[in-house]
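Before any comments, here is the structure.
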Amino acid sequence: MFSRKGSCAILIFPIMFLLFCLPGCQPATEPGDGVENNFVEQGTEQPTEEERAGETEEIRPAEEPVSDESITAETENPVDYYWPWLSHGNLLLSSGEAILGPDLFESDLGFIAEFPVGTEYSGRVIWLVEDSDVFALEWVDLSFDVEYYEQNEWVFAVTFDFMIENLQVEQDDEGLQEFSLDLYDEQEGFAVRIEKILLGENMEGEFSTEPIDYVALDITMIASGNQ
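Quick note on our numbering: the sequence shown kicks off at 829 and runs consecutively.
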């Protein structure tokens, strides 16, 4: 005969097994399992490279076509012109000082340009003096080249030279003295006229923070062409 204690243990194991197999007694899933599975099933597909390229092309602003007018404007530079190299003009002083080129900050820059036939320009060009007493000058000599281009090709160059003599300068410590001139020269259809010379000592400059000494010339250039 089996004892009562052993029979109870034998009965308990089948009962627990049956309870465990019932639907309501299965272990619960993790809280996020259902959401994750649904997301995998319903998730959006990644776009392909072709689709991405298409989206980029759709949002890219349309490029404006280049008009014929803009192309023409870029190629409308005169093909026949003079080019005065006054920016490299050499000014020799009676003191022996040579100044290679005017000061581009203080001078009129309109001379640094193409001069097609029919162009006329007037302006003031300034050379800064560093090693001389401008009020002790007796003469100054200006020389520079003018080149001519035809169909944008170099053709020839001429040299202009102007000697300004007999400067009757009053001795002074500072100030501005000016003298009227009437110097004129024309070569190969290009004319240069010097109308005035100005000598400044301890003068205020347009851009310089310190007083400057200078020689200035009022110049007119005319491109008349060979007629």
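All C-beta atoms, glycine included, are put in the ideal place defined by N, C-alpha and C.
- When C-beta atoms of the segment 998–1011 are compared with those of the segment 914–923, fewer than three pairs fall below 8 Å, so the two segments do not count as touching.
- Residue pairing of Trp982 in beta bridges, as defined by DSSP: Tyr977.
- The continuous beta strand (DSSP E) containing Asp1013 extends over residues 1003–1015.
- A Cβ-Cβ separation of about 5 Å places Glu925 in contact with Asp959 under the 8 Å criterion.
- Inclusion of Ala964 and Gln996 in the CB contact set at 9 Å is not warranted, their separation being larger than that value.
- If you draw a straight line from the Cα of Leu970 to the Cα of Ile940, it is about 17 Å long.
- According to the DSSP secondary-structure assignment, Gly1028 is paired through a beta bridge with Leu1004, Tyr1042.
- Listed in chain order, the non-local C-beta contacts of Glu948 below 6 Å within the same chain comprise Ile1050, local neighbours out to five positions each way being set aside.
- Beta-carbon to beta-carbon, Gly1053 and Val945 are separated by about 4 Å, close enough to satisfy the 8 Å threshold.
- Between the alpha carbons of Leu1045 and Glu993 lies a distance of about 14 Å.
- Here Gly951 is actually not in contact with Asp931; their C-beta atoms are around 13 Å apart, not less than 8 Å.
- Gly1033 and Glu978 have their alpha carbons spaced roughly 39 Å apart.
- Close CB contacts of Phe1018 within its chain, under the 8 Å cut and outside five residues either way in sequence, are with Tyr910, Pro912, Phe943, Val974, Tyr976, Val986, Met1049, Ile1050, Ala1051, Ser1052 (chain order).
- Unbroken beta strand (DSSP E) runs of no fewer than 3 residues, entirely contained in the segment 928–975, are found at 948–956, following chain order.
- Out of Glu1016, Leu956, Leu920, Phe984, the CA that lies nearest to the CA of Met1031 is found in Leu956.
- Counted as a single uninterrupted DSSP element, the stretch harbouring Trp913 is not any beta strand (DSSP E), since DSSP gives it neither H nor E.
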